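Student:
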Amino acid sequence: WSSIRNDEHPSGLIIGGGESGVVAVFDAASLLRGEQLNRVGETRYHQGHVLSVDVSTVNSKWVCSGGALGSILLWDMNSPLNPMSPGTPNFNHQIKCVGWNRCVEHILGSLTNERCSIWDLRRGGSPILDIADIGGGVEWSIMRWSPLDGTTLCLASQSDMSPIVQKWDLRYASAPVLTYQLHSRGIFGMDWNAYDGNLLATVGRDEQVLIHNPGNGHLLGRVAIKGWARCISWNPTNPNLFAISFFDRPLEVHSLTPFPSVDSSNEVSDATELELSVIPAWMGTGSCGVRFSYGNKICTFEVQPHAATNTLRSVVLIKKIQENRELGRRVTELQTALDTNQLSSFCEQRALSATDDLQTQLWTILSKQTLNSSRSDYLVMVAPHDHGEVRDDALEDVLKQMDSCQLSREEDSEDEQLTANREQIQRAIAPISFQEIPIDEKWYLDSLCDGEPRKAIAAAVMRKEWTLALLLAQANADQNVIRFIAQQIDRDSSSCGRTRLAALMAAGMWDDVLHSWDLVDWRRLFALILA
166 WSSIRNDEHP SGLIIGGGES GVVAVFDAAS LLRGEQLNRV GETRYHQGHV LSVDVSTVNS
226 KWVCSGGALG SILLWDMNSP LNPMSPGTPN FNHQIKCVGW NRCVEHILGS LTNERCSIWD
286 LRRGGSPILD IADIGGGVEW SIMRWSPLDG TTLCLASQSD MSPIVQKWDL RYASAPVLTY
346 QLHSRGIFGM DWNAYDGNLL ATVGRDEQVL IHNPGNGHLL GRVAIKGWAR CISWNPTNPN
406 LFAISFFDRP LEVHSLTPFP SVDSSNEVSD ATELELSVIP AWMGTGSCGV RFSYGNKICT
466 FEVQPHAATN TLRSVVLIKK IQENRELGRR VTELQTALDT NQLSSFCEQR ALSATDDLQT
526 QLWTILSKQT LNSSRSDYLV MVAPHDHGEV RDDALEDVLK QMDSCQLSRE EDSEDEQLTA
586 NREQIQRAIA PISFQEIPID EKWYLDSLCD GEPRKAIAAA VMRKEWTLAL LLAQANADQN
646 VIRFIAQQID RDSSSCGRTR LAALMAAGMW DDVLHSWDLV DWRRLFALIL A
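Per my numbering, the very first residue in the sequence shown carries number 166; after that it's consecutive.
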């Protein structure tokens with residue numbers, strides 16, 4: 166059932182496979198109205214029977230189908246007449262099940278009797294992985310991806326001799342993570358609850374629906390049915406419900422919680438016999454909570470330890486909130502400013518009526534934020550100006566030399582002063598002599614000559630020669646190494662504050678700067694980030 170909707174198909178489309186390579190598309194609205202299914206169209210691109218069709222939950226426009234001879238086709242519902250193939254399968258067997266990954270859009274799985282193939286649509290050609298249980302006597306019938314992560318899936322076998330469920334982690338695909346058997350005969354259907362990754366439902370030839378935890382293989386609940394079921398599916402919007410379709414009987418709908426009294430003519434089964442041994446994830450209330458009521462009352466509940474019995478107990482408290490007219494007036498003013506798009510004026514008025522400089526500056530910042538002010542406006546407001554304007558001729562001279570070095574060595578300049586400065590700097594550079602380097606430091610140069618700069622950087626880090634380590638890492642353009650050096654400097658208690666700050670800034674580790682900064686001096690931090 167594709168969730169793609171438009172004016173012509175307001176309830177989406179139902180897509181199914183059939184004999185002789187047929188893939189048919191129906192209008193779901195006709196089904197909901199109780200009418201005969203309105204067939205929108207059909208194609209015959211497959212060979213043999215199409216036993217499985219799946220719609221992507223990440224991007225609902227993509228549909229995949231599997232047929233005979235290992236054929237898999239991808240359909241873009243915006244252009245359904247031009248299907249695509251992900252590549253050539255390694256084994257030309259009948260495809261029994263296809264399934265899109267629930268977390269990653271470009272990952273697809275296909276299943277045959279013997280093996281499961283994983284496709285990466287970014288890498289065309291063939292499957293990136295084939296997993297199989299060689300010699301186990303299994304006959305795979307269905308596969309399902311985990312709703313929690315994109316690397317876990319479960320396979321089920323329809324063999325009466327080995328009706329097992331296997332859980333696989335594709336990061337360690339040499340063997341299944343878990344193999345267990347709960348059914349006494351083959352498994353026809355399986356589905357993973359999207360709201361609770363610890364609930365996996367299977368239905369088999371033993372006329373039982375079993376709900377179990379795929380993490381440990383423990384049985385959580387069972388319900389008996391009559392006849393052979395062909396598939397089972399959880400409701401995608403109501404996790405309490407799941408439906409079972411049969412080969413020769415109408416559909417049944419079961420619930421983890423009892424249904425209210427219904428007309429016996431409706432084909433809805435009574436699921437009171439199903440009792441789970443665990444509480445589903447969507448029903449968990451947590452260890453604490455709060456609810457408000459009329460009359461300024463508030464009800465809270467929490468779990469508290471009981472010291473006498475060394476146990477936990479639930480405590481419910483009902484309190485009355487004291488009315489604060491001043492707070493209510495301020496809330497009303499703020500809501501009025503939001504409704505009338507006058508938030509900037511509201512913040513300016515608050516800044517003018519503030520009683521201290523800190524509140525004035527905070528409200529001014531909020532006012533500029535509502536006006537989308539530039540960074541320069543923030544800097545003028547919060548940048549510290551208590552350092553004074555002290556003229557330093559030596560500093561000015563170094564700044565001029567830095568400006569002159571911005572010109573490349575090959576560039577000819579008509580400015581005689583800049584040319585003179587450049588020549589002066591070149592004369593100031595002393596020649597480098599390998600013989601004058603101390604013996605214990607020649608190892609640095611040898612590592613660089615051997616094309617192993619990381620060894621030289623590691624040696625500098627061990628000796629806490631932070632400047633040398635950062636220069637070598639910067640010359641090697643290795644941002645990961647720069648981050649590592651910055652972390653080491655930050656952990657070194659002997660490093661001065663300016664060295665730690667410069668290292669973190671060079672590595673782009675602004676989160677660490679924020680966490681290590683003294684919030685008393687928040688103005689400088691704010692100005693530093695803006696600058």
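Quick reminder that beta carbons are idealized off the backbone N, C-alpha and C, glycines included.
The structure presented is a predicted model; accordingly, all values stated were derived computationally and were not measured.
In chain order, what residues of the same chain lie with their CB nearer than 6 Å to the CB of GLN259, ignoring the 5 residues before and after it?
Tutor: The sequence position of residue 259 within the sequence shown is 94, counting from 1. Once the five neighbours on either side are set aside, the close Cβ partners of GLN259 are ALA233.
Student: Measure the alpha-carbon distance for THR317 versus TRP265 and round it to whole angstroms.
Tutor: For this step, residue 317 is matched to residue 152 along the sequence shown. For this step, residue 265 is matched to residue 100 along the sequence shown. Roughly 12 Å between the two C-alpha positions.
Student: Flag this pair as yes or no: are the beta carbons of LEU238 and PRO245 separated by less than 8 Å?
Tutor: Counting from 1 along the sequence shown, the entry for residue 238 is found at position 73. Counting from 1 along the sequence shown, the entry for residue 245 is found at position 80. Cβ atoms of LEU238 and PRO245: not closer than 8 Å.
Student: Alpha carbon to alpha carbon, how far is ALA366 from VAL187? Give it in angstroms, no decimals.
Tutor: In the sequence shown, residue 187 corresponds to position 22, counting from 1. In the sequence shown, residue 366 corresponds to position 201, counting from 1. Cα to Cα, the separation comes out at about 29 Å.
Student: Quick check: SER349 and PRO328, are their CB atoms within less than 8 Å of each other?
Tutor: The sequence position of residue 349 within the sequence shown is 184, counting from 1. The sequence position of residue 328 within the sequence shown is 163, counting from 1. Contact flag set, yes.
Student: Could you check which residue in SER275, LEU384, ILE397 has the C-alpha nearest to that of VAL368?
Tutor: Translated into positions along the sequence shown, residue 368 becomes position 203. Among SER275, LEU384, ILE397, the Cα nearest to that of VAL368 is on ILE397.
Student: Answer with buried or exposed for ASP676, where buried requires no fewer than 16 other C-beta atoms within 10 angstroms of its C-beta.
Tutor: Reading the sequence shown from its first residue, position 511 is the one you call residue 676. ASP676 is exposed by the Cβ-count criterion.
Student: Are there 16 or more other CB atoms within 10 angstroms of the CB of LEU439, so buried, or fewer, so exposed?
Tutor: Along the sequence shown, read from residue 1 onward, the residue named residue 439 stands at position 274. By the neighbour-count rule (16 or more Cβ atoms within 10 Å), LEU439 is buried.
Student: If I measure Cβ to Cβ from MET674 and keep anything under 7 Å in the same chain, skipping five residues before and after, which residues do I get?
Tutor: For the purposes of this step, residue 674 is taken as residue 509 along the sequence shown, with counting starting at 1. Here the set comprises ARG648, ALA651.
Student: Could you tell me the alpha carbon to alpha carbon distance between SER167 and GLY177, rounded to whole angstroms?
Tutor: Within the sequence shown, numbered from 1, the residue matching residue 167 stands at position 2. Within the sequence shown, numbered from 1, the residue matching residue 177 stands at position 12. Rounded to whole angstroms, SER167 to GLY177 spans 6 Å at the Cα level.
Student: On the DSSP bridge assignment, give the partners of SER452 in chain order.
Tutor: For the purposes of this step, residue 452 is taken as the residue at position 287 of the sequence shown. Answer by DSSP bridge pairing: none, since SER452 is not bridged.
Student: Are there 16 or more other CB atoms within 10 angstroms of the CB of GLN201, so buried, or fewer, so exposed?
Tutor: Taking the first residue of the sequence shown as 1, we reach residue 201 at position 36. With fewer than 16 other Cβ atoms within 10 Å, it is exposed.
Student: PHE191 by DSSP, collapsed to three states: which one?
Tutor: Looking up residue 191 in the sequence shown gives position 26. Strand.
Student: Can the beta-carbon of PRO312 be found less than 8 Å from the beta-carbon of ALA389?
Tutor: Against the sequence shown, residue 312 aligns to sequence position 147. Against the sequence shown, residue 389 aligns to sequence position 224. Their beta carbons are not under 8 Å apart, which means PRO312 does not touch ALA389 by this criterion.
Student: Can you pull the DSSP bridge partners for ASN203?
Tutor: Residue 203 sits at position 38 when you count from the first residue of the sequence shown. Paired residues: ASP192.
Student: Between the Cα of PHE407 and the Cα atoms of ASN257, ASP356, LEU335, ASP172, which residue gives the shortest distance?
Tutor: In the sequence shown, counting from the first residue as 1, residue 407 sits at position 242. Ranking ASN257, ASP356, LEU335, ASP172 by Cα distance to PHE407 puts ASP356 first.
Student: Kindly indicate the opening and closing residues of the alpha helix (DSSP H) around PHE511.
Tutor: The residue labelled residue 511 in the question sits at position 346 within the sequence shown. 508-518 is the span of the alpha helix (DSSP H), which, as asked, contains PHE511.
Student: What would DSSP say about GLU575, mapped onto helix, strand or coil?
Tutor: Working through the sequence shown from its first residue, we reach residue 575 at position 410. A caution first: GLU575 carries a pLDDT of 45, below 50, which makes its placement in the model unreliable, though a value can still be read off. Coil, per DSSP.
Student: So, under 8 Å CB-CB, ALA394 and SER420 are touching, yes? Tell me the CB distance rounded to an integer number of Å.
Tutor: The sequence position of residue 394 within the sequence shown is 229, counting from 1. The sequence position of residue 420 within the sequence shown is 255, counting from 1. In fact, because the Cβ distance is near 17 Å, the residues do not count as touching under 8 Å.
Student: DSSP three-state label for TYR337, please.
Tutor: As a first step, residue 337 must be located in the sequence shown, where it is residue number 172. If DSSP states are grouped into helix, strand and coil, TYR337 belongs with the helices.
Student: Give me the residue from LEU536, ARG494, SER250, GLY493 with the minimum Cα distance to CYS512.
Tutor: On the sequence shown, position 347 is the one that residue 512 refers to. When only C-alpha atoms are compared, the closest one is LEU536.
Student: Let me check one thing: in DSSP terms, what residues is ILE409 bridge-paired to?
Tutor: As a working mapping, residue 409 is identified with position 244 in the sequence shown. For ILE409, which the question treats as bridged, DSSP gives the partners ILE397, GLU417.
Student: Could you tell me if ASP298 is buried or exposed, where buried requires 16 or more neighbouring beta carbons within 10 angstroms of its beta carbon?
Tutor: On the sequence shown, position 133 is the one that residue 298 refers to. Classification for ASP298: buried.
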